[in-house]
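Quick note: the sequence shown uses my numbering, first residue 22, plus one each step. Backbone N, C-alpha and C define an ideal beta-carbon position, used for all residues, glycine too. Quick caveat: nothing in here was measured; it's all calculated off a predicted structure.
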Amino acid sequence: MLASVTAPAQKALRASLVEPAPAAEVMREQFNFLIAHGTGSCAPDCPDCARLGAVRDLLLTAFC
């Protein structure tokens, strides 16, 4: 509980927390990972290949 922690300790705790990356950056990183992963040879039940297929289907729906 932060209420029982002293003010200097709270300040130190907040200073040590890492700010989350912007959502667009995370999505771009994940998409790049999936694209690179899709070029390899995987097992038929590969979860990352399934994710790539789902993302591809969602992105290309507007063009069908």
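Residue i versus residue j - alpha carbon distance
i, j, result
"M22", "N53", "Model confidence at M22 stands at a pLDDT of 48, short of 50, so the residue's coordinates are unreliable and nothing is read from them."
"C63", "A44", "28 Å"
"A75", "L38", "33 Å"
"R77", "P68", "14 Å"
Whole-angstrom C-beta distance between residue j and residue i, which should lie under 8 Å
i, j, result
"L73", "L55", "4 Å"
Where the alpha helix (DSSP H) containing residue i begins and where it ends
i, result
"V76", "P68 to L81"
Residue i, DSSP secondary structure in three states
i, result
"A44", "helix"
"S37", "helix"
"A64", "coil"
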